[in-house]
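Residues in the sequence shown are numbered from 385 upward in steps of one, following my numbering.
Encoded as structure tokens, the structure appears first; notes follow it.
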Amino acid sequence: IQTPKEKDDPQFNGADIWGVRPGHPVIFRVPVSGLRPMTFTAKNLPDGVTLDAKGVLRGTAPAAKGDYDIEVTAENAKGRAVRTIRLAVGDMIALTPPMGWNSWNTLCHRLTQKDAMAAARALEESGLGDHGWAYVNLDDFWEMNNFWTPKERPQLRGKARDEHGKIIPNPDFPDMKGLTDYIHSFGFKAGLYSSPGTTTCGGCEGSYGHELQDAESWANWGFDYVKYDWCSYGEVFWRETQKLDGDSAREAKVREANIKPYRLINECLRKQGRDILLSYCQYGMAKVEEWARENGANCWRSWEDLKDGWVWMEKAIESRIAGEYWKWCGAGCWADPDMMIVGQQYSFGGDHPTYLTPNEQYTHVSIWAMVGSPLLIGCDLTKLDAFTRSLLANDEVIAISQDRLGKVARRIRHTDAESVWVRTLANGDVAVALVNRAPLSHEIRVTFDELGLRGTHCLRDCWTGKCEGNYGGYYTATVLPHATKLIRIKANDCPKCD
């Protein structure tokens, strides 16, 4: 465990900006760690927004667009801290990558409402909510399933929609509104999953032909996030495109056929009275990076499903995010190389601790933070071990992910042995990830010329929180096998290290 022990005095963490559309509900838990009980006060709250006793901004956003800077104070027996939180009221949401939990990697087809409530409770009790983790997302199997029903869950078979076409959750989700209310009570946000096809990847009821009805149900239930997975829509796509052979406009029509279901669901969601973050899941097809933002995506999957192994992780990086994707990422729209593969997983047919080594887990979290990936925990939060929690509660690493500038990392060097990633931050600092791709310890050297820096600068190890002193010209580190050295280079030198 490299992450320093948490301090008792109040420490503000995570994002300091939250985007909301005019007149829509506000729910933003200000992330503050430290000894409880803790009191919260605020200055400059816009009309219609309050700060509750848990430090959660709630209410309704102003009708007028603009930036509303709210001064939040947190105080406990050990001290006091102040931070300005910007409520950015406008057309854009997801100003920083979403952080939270998704059910698939640990629960898969076993998901129930009780599991989702337990995950929300664990997010609270583990303290991860104090570090910016906020979404509790249901993946597949909250719906009815008449295609492939797990033998241990026969209750999933049955009527999937009522006589009006409204979707019916399966019996293990008896109260969807009660579920989101429970999640919201902690200051967290709720997400769910569907497909533009007739069925989901797991054979559950999809949204095809019922897009507006489903969007209305999701909004009425109180959901804040939807993952929209291509799955069986491939059959619709094939019907629409197989007749295009020989058509001179084939390429443009195929592109439009890829866009069509995602544009449609975005239009349906935008008709609702709440912000619902839209996550495209179509595996990086059809140059999605070029059209995702303009068609409503807040996140777009950049490749296939991620499994917990070094080869899979490298494949995710090499297949997509290491190239030119940085050009298309930023506030409001983020490339998504899939859920995080730390902690307890369900893959390759069973439950097990992740197959990534500890070193590889440091690389995984470092790179996902550097490239602005959505950070969605895939492990069982009710069985969170100390090491996994330490990976997820490192505020200096999270600060890189949630930096309000939204300028994601670029890879400036790549060999068989190493890679170097660089990200410019809002205050002028530079984050640098030195990745050892080799199975043996390896010395990695980076020059300030490569980083576009001049003069002397203070370097800080983000994982340990230790200042390494002033450097000029170059920096060298010995990096463990498959590990990553993540450093923050301050805009100025540091005569006194903190």
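Glycine included, every Cβ here is placed at the ideal spot set by N, Cα and C.
These numbers were taken from a predicted model, which means no experiment stands behind them.
- Cβ neighbours of TRP675 within its own chain (closer than 6 angstroms, five residues either side excluded): ILE643.
- When the alpha-carbon of GLY474 is set against those of LYS767, GLY407, ARG623, VAL863, the nearest one is in GLY407.
- Cβ-Cβ distances below 8 angstroms link THR496 to ASP556, PHE557 in the same chain, with the five nearest sequence neighbours on each side left out; the list follows chain order.
- The distance from the Cβ of LEU661 to that of ASP608 is about 6 angstroms, consistent with a contact at the 8 angstroms cut-off.
- In this chain, the beta strand (DSSP E) harbouring PHE424 covers 423-427.
- The residues TYR667, in chain order, have a CB closer than 7 angstroms to that of GLU688 in the same chain once the five nearest residues on each side in sequence are set aside.
- One alpha carbon belongs to ASP769, the other to GLU624, and they sit about 49 angstroms apart.
- Of all C-beta pairs linking the segment 538-556 to the segment 588-601, three or more are shorter than 8 angstroms, placing the two stretches in contact.
- With 16 or more neighbouring CB atoms inside 10 Å of its own CB, PRO481 falls in the buried class.
- The C-alpha of THR808 is placed about 20 angstroms away from the C-alpha of GLU802.
- Rounded to whole angstroms, the separation of the alpha carbons of GLN539 and GLY790 is 45 angstroms.
- When the beta-carbon positions are compared, PRO823 and PRO758 stay at least 8 angstroms from each other.
- If you draw a straight line from the Cα of ASN876 to the Cα of LYS449, it comes to about 35 angstroms.
- Beta-carbon to beta-carbon, GLY513 and PHE570 are separated by about 6 angstroms, close enough to satisfy the 8 angstroms threshold.
- In the structure shown, the three-state DSSP call for ALA815 is strand.
- With contacts defined by Cβ atoms closer than 8 angstroms, TRP532 and LYS561 do not form a contacting pair.
- Residue ASN778 holds the alpha-carbon nearest to the alpha-carbon of LYS389 among LYS655, VAL414, ASN778.
- Within the segment 702-790, the runs of beta strand (DSSP E) at least 3 residues long that lie entirely inside it are, in chain order, 718-720, 728-731, 734-737, 759-761.
- Around the CB of HIS736, fewer than 16 other CB atoms lie within 10 Å, so the residue is classed as exposed.
- The closest CA to that of ARG420, considering only TRP684, CYS615, GLN656, PRO394, is found on PRO394.
- Sixteen is the threshold: since fewer than 16 other Cβ atoms of the shown chains lie within 10 Å of the Cβ of GLU708, the residue is exposed.
- DSSP, read as helix, strand or coil, puts HIS493 in helix.
- Measuring C-alpha to C-alpha distances from LEU471 to each of ARG494, SER632, LEU429 identifies LEU429 as the nearest.
- Here the segment 676-696 makes no contact with the segment 628-637; the two share fewer than three CB pairs at distances below 8 angstroms.
- By the Cβ neighbour-count rule, VAL816 is buried, with 16 or more other Cβ atoms within 10 Å of its own.
- ARG505 carries a helical assignment under DSSP once its states are collapsed to helix, strand and coil.
- Annotated three-state conformation of GLY856 is strand, per DSSP.
- For ASP631, same chain residues with a beta-carbon under 8 angstroms away, outside a window of 5 residues either side, are LYS637 in chain order.
- Ranked by Cα distance from TRP710, the options ILE725, TRP752, LEU653, PRO742 are led by TRP752.
- In the DSSP assignment, THR868 falls within the unbroken beta strand (DSSP E) covering 868-873.
- Counting only runs of 3 or more residues that sit fully inside the segment 548-602, the beta strand (DSSP E) segments are 573-578, in chain order.
- Straight-line measurement puts the Cα of ALA465 at about 43 angstroms from the Cα of TYR646.
- VAL433 is bridged by DSSP to GLY443.
- HIS568 and ALA574 have their C-alpha atoms some 7 angstroms from each other.
- Ranked by Cα distance from ARG654, the first of GLU600, GLU455, ASN489 is GLU600.
- Of all C-beta pairs linking the segment 722-731 to the segment 839-857, fewer than three are shorter than 8 angstroms, placing the two stretches out of contact.
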